[in-house]
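Engineer: Below you'll find the structure I mean.
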Amino acid sequence: MVNTLFKTSLICSCLLYSMGVIGNTDSNSETWKIDNEFFKKQVKQTMSPGRAVRSLISHYPQSTAGIVDVALDLYPTDYKEIIHSAVSTQPSSAEDIVSIAVKKGITKCESIVMAAIKAEPSYVSFVTSAAAHASPDDFNDILRVAVITEPDSADKIVQHMASSYPDKIVEILSNTVQYVPLVGEYIVDALLAVFPNKAEEVVSITVRESLAEREQIEKIIVTAINAGVTVDDVSKFALMGGATNAEIVAGINAAPTNTNKKISTSDDDLFY
Numbered sequence: 000m001v002n003t004l005f006k007t008s009l010i011c012s013c014l015l016y017s018m019g020v021i022g023n024t025d026s027n028s029e030t031w032k033i034d035n036e037f038f039k040k041q042v043k044q045t046m047s048p049g050r051a052v053r054s055l056i057s058h059y060p061q062s063t064a065g066i067v068d069v070a071l072d073l074y075p076t077d078y079k080e081i082i083h084s085a086v087s088t089q090p091s092s093a094e095d096i097v098s099i100a101v102k103k104g105i106t107k108c109e110s111i112v113m114a115a116i117k118a119e120p121s122y123v124s125f126v127t128s129a130a131a132h133a134s135p136d137d138f139n140d141i142l143r144v145a146v147i148t149e150p151d152s153a154d155k156i157v158q159h160m161a162s163s164y165p166d167k168i169v170e171i172l173s174n175t176v177q178y179v180p181l182v183g184e185y186i187v188d189a190l191l192a193v194f195p196n197k198a199e200e201v202v203s204i205t206v207r208e209s210l211a212e213r214e215q216i217e218k219i220i221v222t223a224i225n226a227g228v229t230v231d232d233v234s235k236f237a238l239m240g241g242a243t244n245a246e247i248v249a250g251i252n253a254a255p256t257n258t259n260k261k262i263s264t265s266d267d268d269l270f271y
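The sequence shown begins at 0 in numbering that gives the first Met the number 0 and counts up by one.
Have a look at this one:
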């Protein structure tokens, strides 16, 4: 019985060694080390670096980072395929995958972000944050690409990034709202829920960056009032952002919480 167990164990070890997967195994994380030659054989068998990545991660999800690391070293020009396969197969590792790709400098950071987001849109906030952390100099470009690629999640992206970089709220707003002005009201709602004391920056900058879509200004004002910003403050902040008195009055009157306090454009002098 002992000999049988030993032989079985020896055969398994030999098989793993021949596959080039074991090398050094971390007993705590049980992470398999994937060597270059083994990966090349997998690519030859599957006819694609992306398919090889998908297959290996499916079998060794705990080794996702190592697999992506080797794949990008060997096939850097196939980064889109590799990133898409890795993120879609193991979404929970999206941050690690993006960080590895960005740090290798194989292409522009925003191209990596776009590939990762398209692979798994629901992880857009984490992908954006990971990329910004790995390449701070590309902060603005990363934000731009993220909200343009996944505009329906712009409010979540902005909220997540503002929470991670509270000292960059102005920069975050300036580099996102202008690209997705139609969701300005949702961005205001998301940010005021986390930073109610930043109403001046949030309202004034969102209004300013939405001037190309002026019909959004009323919605931004309504959202701010509903979030608890006083009418006086909203009026002042919106005016700072470039809203007209007529737009401010329309927004105030449209706010559900202000239905009993209607004002008219004859009260324009209230905003000066």
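Don't be surprised by glycine CBs; every beta carbon is placed ideally from N, CA and C.
First and last residue of the alpha helix (DSSP H) that includes I204?
Structural biologist: Here the alpha helix (DSSP H) through I204 covers A198 to E208.
Engineer: If contacts are defined as beta-carbon pairs under 8 Å, then P60 and Q89 qualify, I think. What distance do you get, rounded to the angstrom?
Structural biologist: Yes, P60 and Q89 are in contact; Cβ-Cβ is about 5 Å, under 8 Å.
Engineer: Taking C-alpha atoms, which residue in A226, A242 and T175 lies nearest to V206?
Structural biologist: V206 has its Cα closest to that of A242, out of A226, A242 and T175.
Engineer: How about E212: is its C-beta nearer than 7 Å to some C-beta of chain C?
Structural biologist: Here there is only one protein chain, and chain C is not present.
Engineer: Tell me the DSSP secondary structure of T106 in three-state form.
Structural biologist: Reduced to three states, the DSSP call for T106 is coil.
Engineer: Is it right to say S121 is buried, meaning 16 or more other beta carbons lie within 10 angstroms of its own, or is it exposed?
Structural biologist: Exposed, because fewer than 16 other Cβ atoms sit within 10 Å of the Cβ of S121.
Engineer: For A192, count neighbouring Cβ atoms within 10 angstroms of its own Cβ and tell me buried if that reaches 16, exposed if not.
Structural biologist: Burial call: exposed.
Engineer: Following the continuous alpha helix (DSSP H) through M160, name the residue where it begins and the one where it ends.
Structural biologist: Counting along the chain, the alpha helix (DSSP H) containing M160 begins and ends at A153 to S163.
Engineer: Do A115 and V97 have their beta-carbon atoms positioned less than 7 Å apart in this structure?
Structural biologist: Yes, these two residues count as a Cβ contact at 7 Å.
Engineer: For the candidate residues S124, A131 and A161, whose alpha-carbon lies nearest to that of P150?
Structural biologist: Answer by Cα proximity: S124.
Engineer: Please state the DSSP three-state secondary structure of A211.
Structural biologist: A211: helix per DSSP, three-state reduction.
Engineer: Is the CB-CB distance between A64 and D95 below 7 Å?
Structural biologist: Result yes, Cβ atoms of A64 and D95 sit closer than 7 Å.
Engineer: Starting from the N-terminal side, write out each stretch of the alpha helix (DSSP H) that is 4 residues or longer and does not extend beyond the segment 23 to 75.
Structural biologist: For the segment 23 to 75, whole alpha helix (DSSP H) runs of length 4 or above, ordered along the chain, are 35 to 45, 48 to 58 and 63 to 73.
Engineer: Taking its Cβ as the centre, do 16 or more other Cβ atoms sit within 10 Å of D166, making it buried, or is it exposed?
Structural biologist: Label assigned to D166: exposed.
Engineer: Hey, how far is the Cα of G227 from the Cα of E214?
Structural biologist: Between G227 and E214, the C-alpha separation is close to 22 Å.
Engineer: What is the C-beta distance between V202 and A189, in whole angstroms, given that I count them as a contact (C-beta under 8 Å)?
Structural biologist: Going by Cβ atoms, the distance from V202 to A189 rounds to 13 Å, so no, they are not a contact pair.
Engineer: Taking A153 as the reference, give the member of F236, V176 and S163 with the closest Cα.
Structural biologist: When each option's Cα is compared against that of A153, the closest is V176.
Engineer: Here's a check: name, in chain order, each residue in its chain whose Cβ is nearer than 8 Å to the Cβ of I99, leaving out the five neighbours to either side.
Structural biologist: A64, V67, D68 and L71.
Engineer: What number of angstroms, rounded off, separates the C-alpha of D136 from the C-alpha of L172?
Structural biologist: The straight-line gap from Cα to Cα measures roughly 17 Å.
Engineer: Applying the 10 Å Cβ sphere with the 16-neighbour rule, what's the burial state of N196?
Structural biologist: Label assigned to N196: exposed.
Engineer: In this structure, how does DSSP classify I21 when only helix, strand and coil are distinguished?
Structural biologist: Only weak support exists for where I21 lies, its pLDDT of 39 falling under 50; the coordinates are left without a value.
Engineer: Looking at P101: is its Cβ nearer than 7 Å to the Cβ of A130?
Structural biologist: The sequence given here has Val at residue 101, not Pro. Contact flag set, yes.
Engineer: Assuming E217 contacts G183 under a Cβ cut-off of 8 Å, what Cβ separation, rounded to an integer in Å, is found between them?
Structural biologist: Rounded, the Cβ-Cβ distance is 11 Å, inconsistent with contact.
Engineer: Using 10 angstroms around the beta-carbon of E119, count the other beta-carbons present and answer buried if the total reaches 16, otherwise exposed.
Structural biologist: E119 is buried by the Cβ-count criterion.
Engineer: Whose C-alpha, out of I147, I186, V52 and M113, is nearest the C-alpha of A161?
Structural biologist: For the residues I147, I186, V52 and M113, the minimum Cα distance to A161 belongs to I186.
Engineer: According to DSSP, is F236 part of a helix, a strand, or is it coil?
Structural biologist: Helix at F236.
Engineer: Going along the chain, which residues of its own chain have a beta-carbon closer than 6 Å to the beta-carbon of L210, five neighbours each way excluded?
Structural biologist: Taken in chain order, the residues that qualify are G241.
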